[in-house]
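The block underneath contains the structure these notes are about, expressed in structure tokens.
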Amino acid sequence: DVKVTQSSRYLVKRTGEKVFLECVQDMDHENMFWYRQDPGLGLRLIYFSYDVKMKEKGDIPEGYSVSREKKERFSLILESASTNQTSMYLCASSLGQYNSPLHFGNGTRLTVT
Amino acid sequence: AQSVTQLDSQVPVFEEAPVELRCNYSSSVSVYLFWYVQYPNQGLQLLLKYLSGSTLVKGINGFEAEFNKSQTSFHLRKPSVHISDTAEYFCAVNPGGYQKVTFGTGTKLQVIP
Chain Z
28 DVKVTQSSRY
38 LVKRTGEKVF
48 LECVQDMDHE
58 NMFWYRQDPG
68 LGLRLIYFSY
78 DVKMKEKGDI
88 PEGYSVSREK
98 KERFSLILES
108 ASTNQTSMYL
118 CASSLGQYNS
128 PLHFGNGTRL
138 TVT
Chain W
14 AQSVTQLDSQ
24 VPVFEEAPVE
34 LRCNYSSSVS
44 VYLFWYVQYP
54 NQGLQLLLKY
64 LSGSTLVKGI
74 NGFEAEFNKS
84 QTSFHLRKPS
94 VHISDTAEYF
104 CAVNPGGYQK
114 VTFGTGTKLQ
124 VIP
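Here the protein sequences line up with chains Z and W, keeping their order.
Using our numbering, you'd call the opening residue of the first sequence number 28 and step up by one each time.
Using our numbering, you'd call the opening residue of the second sequence number 14 and step up by one each time.
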């Protein structure tokens, strides 16, 4: 089974801090994604990556950046955390084929105070 | 661009009763369709997918969905629900190409004993 591991389950940070959310997958998937999940809004795509050192903006990239230095690892960076970034963050990965399903991690619940 | 509508944010249903969770989508191109389930405090996992072929798709845990191209719908059904089906269900569409998957806002299924 594919395993997508997010480094933290819960995280509390202060406004203005730089925050790193880490995600690792163990199945050699080409594609990796970061979503944000908020009640009533579903999942919204922040950034995605189809290859090492490659990144593409999703629907809500403002205030975020990403890094993919190795195929198995995809990091989400909040350069200066704000309270409106309090949310559940979900990492996902998938095979390179365009119709492959996504495999999700268990999420990181980030609270910015 | 594509969009996904899940009209019902919450669906209460008695145990052993049938259930239908509705999903409608809009897209200018052919799409691939997915249903994901999220149990409390977990990430999403794939329930079923429609890629091509038969419009009736069977998934895990006794769920099935029917793709209706003319009505642009992909409703999820189960003939008899169990308490363990209590979860949030997300419909998703993928237009192919780069996997910019769009999710609906989710439907919370509450199974009442």
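Built from N, CA and C at the ideal position, the CB exists for glycine as well.
Treat the numbers as computed from the prediction; the structure is a model and nothing was measured.
If I measure Cβ to Cβ from W:Ser86 and keep anything under 6 Å in the same chain, skipping five residues before and after, which residues do I get? Walking along the second sequence from the start, residue 86 of chain W turns up at place 73. The answer, listed in chain order, is Asn37.
Every unbroken beta strand (DSSP E) within the stretch 47-92 of chain W, with a cutoff of 3 residues, ordered by chain: 57-63, 69-71, 77-81 and 86-91
Which one of W:Gly56, W:Glu77 and W:Leu61 has the shortest CA to CA distance from W:Pro92? Here residue 92 of chain W corresponds to residue number 79 of the second sequence, with the count starting at 1. The residue with the shortest Cα to Cα distance from W:Pro92 is W:Glu77.
Go ahead and pull the three-state DSSP assignment for Z:Thr110. Position 83 of the first sequence holds residue 110 of chain Z. Reduced to three states, the DSSP call for Z:Thr110 is helix.
Measuring only the C-alpha atoms, how far is Z:Phe47 from Z:Lys30? One-based indexing of the first sequence puts residue 47 of chain Z at position 20. One-based indexing of the first sequence puts residue 30 of chain Z at position 3. Their Cα atoms are separated by approximately 20 Å.
Quick check: what's the CA-CA separation for W:Phe80 versus Z:Glu106? The residue you call residue 80 of chain W lines up with position 67 of the second sequence. The residue you call residue 106 of chain Z lines up with position 79 of the first sequence. When rounded, the distance between both Cα atoms is 42 Å.
Using Cβ-Cβ distances below 7 Å, what residues of the stretch 95-129 of chain Z are close to chain W? Leu117, Ser121, Tyr125, Asn126, Pro128 and Leu129
Is there at least one Cβ from chain W nearer than 8 Å to Z:Leu137's Cβ? As a working note, residue 137 of chain Z is residue 110 in the first sequence. Judged by the 8 Å Cβ criterion, Z:Leu137 is not in contact with chain W.
Quick check: is the beta carbon of W:Phe8 nearer than 8 Å to any beta carbon in chain Z? Beyond the ends of chain W as shown, which are 14 and 126, falls residue 8 of chain W; an answer cannot be given.
Here's a check: name, in chain order, each residue in its chain whose Cβ is nearer than 7 Å to the Cβ of W:Val44, leaving out the five neighbours to either side. The count along the second sequence starts at 1 and reaches residue 44 of chain W at position 31. Cβ within range, chain order: Gln15, Tyr38, Val106, Asn107 and Pro108.
I'd like to know whether the C-beta of W:Leu57 is nearer than 8 Å to at least one C-beta of chain Z. Counting from 1 along the second sequence, the entry for residue 57 of chain W is found at position 44. Interface residue, yes.
Can you have a look at W:Asn54 and say buried or exposed, based on whether 16 or more other CB atoms are within 10 angstroms of its CB? For the purposes of this step, residue 54 of chain W is taken as the residue at position 41 of the second sequence. Flag for W:Asn54 reads exposed.
Is there at least one Cβ from chain Z nearer than 8 Å to W:Asn81's Cβ? Here residue 81 of chain W refers to the residue found at position 68 when the second sequence is read from its first residue. No, no contact with chain Z.
What residue from W:His88, W:Phe47 and W:Arg90 has the CA that sits closest to W:Lys62's CA? For this step, residue 62 of chain W is matched to residue 49 along the second sequence. Checking every option, the nearest Cα to that of W:Lys62 belongs to W:Phe47.
Alpha carbons only, please: which of Z:Met59, Z:Gly67 and Z:Glu57 is nearest the one belonging to W:Gln23? Position 10 of the second sequence, counted from the first residue, corresponds to residue 23 of chain W. The shortest C-alpha separation from W:Gln23 is found at Z:Gly67.
Just mark Z:Asp78 as buried or exposed, buried being the case when its beta carbon has 16 or more other beta carbons within 10 Å. Start at 1 with the first residue of the first sequence, and residue 78 of chain Z comes out as number 51. Label assigned to Z:Asp78: exposed.
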